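Everything below concerns the one structure shown next.
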Amino acid sequence: MLIPNDAAASLICLDEGPRDAPAVVYLPEILESPKRFATLALASRSPLRHVALTLPGAGDSEPLGAGEHFGHAVTRAAQALSGAGLRDTLLVGCGVGGLLAQGLAAEHPALVRALALTNTGGKLDAPDTWQQRALAAGSPSWLDTERRRLGEVCDNAFSPIAYQRLALAIAETDLRASTARLRLPVLGLAGARDRVTPPDLLRELIDTIPGAQFQVLRGAGHLPLLDAQDRFSHALNTFIADTGHDLELE
């Protein structure tokens, strides 16, 4: 049973649209501002309910506890959705948000009707890469490096400790097996120029899910909302229509 709490409720940073409408839930990349998703929401089908969650430790949300693994982040996100009265949602996850979306779909299927994964994978980078990021958190060059990596959409809202704990949790996370067992509509969107999570990383994951779709957005990098918003929104809206997620609006 999912019991909502303040830590879970603090993850929700956007909730717009009719409360009884089908919901699209956006899960951002690490350090990406969830407010960017509000722009996408306006470009999407407006009668839908649009919800955006932060990652644990971003903004005013509570960070993971010392030693907590990524499953705790999944549970907290599930508590947030349940506490907001959401179920049968369409999740849109980018990067680490995509990892979180996979965990929600696998562990809490009643909350998830369909899944759109963008610029992500079932396992993100080698464990030592995330461990190095965790160790570097708080160093003088850390924030500047992350700003350059994510550009103008960098939220910069993580404290070094919050980032460190999340990075260590990600380092130990491999969802490839559980994601391969998913049996729901799945769309994979990759940026052709993504150097953080190359298209083949997502393609390999999508190929393990029966019936899943995969598209590469030409000219797009790691954050397609920044450099391919129109095409990203078109692909997402088409997926929403194809899955029938908007049929209740008719």
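The sequence shown stops at residue 285 when you use this note's numbering, and every number in between is there.
Virtual Cβ for every residue (Gly too), placed ideally from N, Cα, C.
Computed from a predicted structure; not experimentally measured.
*Check whether the Cβ atoms of leucine 83 and proline 63 lie closer than 8 Å to each other.*
No.
*asked:* For the structure I just gave you, are there three or more beta carbon pairs, one from the region 209 to 221 and one from the region 129 to 142, closer than 8 Å?
replied: The region 209 to 221, when compared against the region 129 to 142, does touch it at the 8 Å Cβ threshold.
*Which stretch, first to last residue, makes up the alpha helix (DSSP H) that contains alanine 58?*
Note, alanine 58: premise wrong, no alpha helix (DSSP H); beta strand (DSSP E) at 58 to 62.
_Is the separation between the beta-carbon of alanine 293 and that of leucine 49 shorter than 8 Å?_
Here the chain comprises residues numbered 36 to 285, so residue 293 is not present and cannot be evaluated.
*Reduced DSSP category for glutamate 142 - H, G, I as helix; E, B as strand; rest coil*: Correct three-state label for glutamate 142: helix.
*8 Å contact criterion, which phenylalanine 193 and glycine 92 should meet: CB distance rounded*: About 6 Å separates the two Cβ atoms, so the contact holds.
*Endpoints, alpha helix (DSSP H) assigned at histidine 257*: Note, histidine 257: premise wrong, no alpha helix (DSSP H); not H, not E.
*Leaving aside the five residues before and after serine 156 along the sequence, list all residues of the same chain whose C-beta is less than 7 Å from its C-beta, in chain order.*
For clarity, residue 156 is glycine in the given sequence; the question names serine instead. These residues qualify, in order along the chain: Thr232, Leu236, Leu237 and Leu240.
*8 Å contact criterion, which threonine 153 and leucine 224 should meet: CB distance rounded*: Indeed they touch by this definition, with Cβ atoms about 4 Å apart.
*Length of the line joining the Cα atoms of aspartate 123 and leucine 150*: Computed Cα separation, rounded: 11 Å.
*Under 6 Å Cβ to Cβ from leucine 37, same chain only, skipping five residues before and after it: list those, please.*
Within the same chain, Cβ atoms closer than 6 Å to the Cβ of leucine 37 are found at Ala113, Gln114 and Ser117, the five residues on either side in sequence being excluded.
*If we ignore side chains and look at the alpha-carbon of each, how far apart do aspartate 41 and alanine 227 end up?*
Their backbone Cα atoms lie some 39 Å apart in a straight line.
*Look at the Cβ atom of isoleucine 205, then the Cβ atom of phenylalanine 105, and state whether they are nearer than 8 Å.*
It is a contact, given that the beta carbons lie within the stated cut-off.
*Which residues in the same chain have their Cβ closer than 6 Å to the Cβ of threonine 110, if we skip the five residues on either side of it in sequence?*
Cβ neighbours of threonine 110 beyond the five flanking positions: none.
*Does the beta-carbon distance from isoleucine 65 to leucine 99 come in below 8 Å?*
Contact: no.
_Span of the alpha helix (DSSP H), counted from its first residue to its last, around threonine 214_ = 211 to 215 is the span of the alpha helix (DSSP H), which, as asked, contains threonine 214.
*In angstroms, rounded to a whole number, what distance separates the CA positions of aspartate 229 and valine 251?*
Near 10 Å, if we compare the C-alpha coordinates of valine 251 and aspartate 229.
*Which residue comes first and which comes last in the beta strand (DSSP E) that contains glutamate 51?*
Taken as a continuous stretch (DSSP letters only), the beta strand (DSSP E) holding glutamate 51 covers 47 to 51.
*Return the bridge partner residues of glycine 223 from the DSSP annotation.*
Beta-bridge pairing links glycine 223 to Leu152 and Phe249.
*Given aspartate 55, which residues of its chain have a CB within under 7 Å of its CB, disregarding the five upstream and five downstream residues?*
Taken in chain order, the list of residues that qualify is empty.
*From the DSSP output, read off the bridge partner residues of glycine 128.*
Beta-bridge pairing links glycine 128 to Leu62 and Leu152.
_Quick check on the DSSP output: the beta strand (DSSP E) that includes valine 109 runs from which residue to which?_
That residue, valine 109, is in no beta strand (DSSP E); its alpha helix (DSSP H) goes 105 to 118.
_Whole angstroms are fine: how far does the CA of glycine 246 sit from the CA of valine 147?_
Going from the Cα of valine 147 to the Cα of glycine 246 covers about 17 Å.
*Can you name, in chain order, every residue of its own chain whose Cβ lies under 7 Å from the Cβ of arginine 253, other than the five neighbours on each side?*
A distance below 7 Å between beta-carbons, with the five flanking residues on each side excluded, links arginine 253 to the following residues of its chain, in chain order: Ala227.
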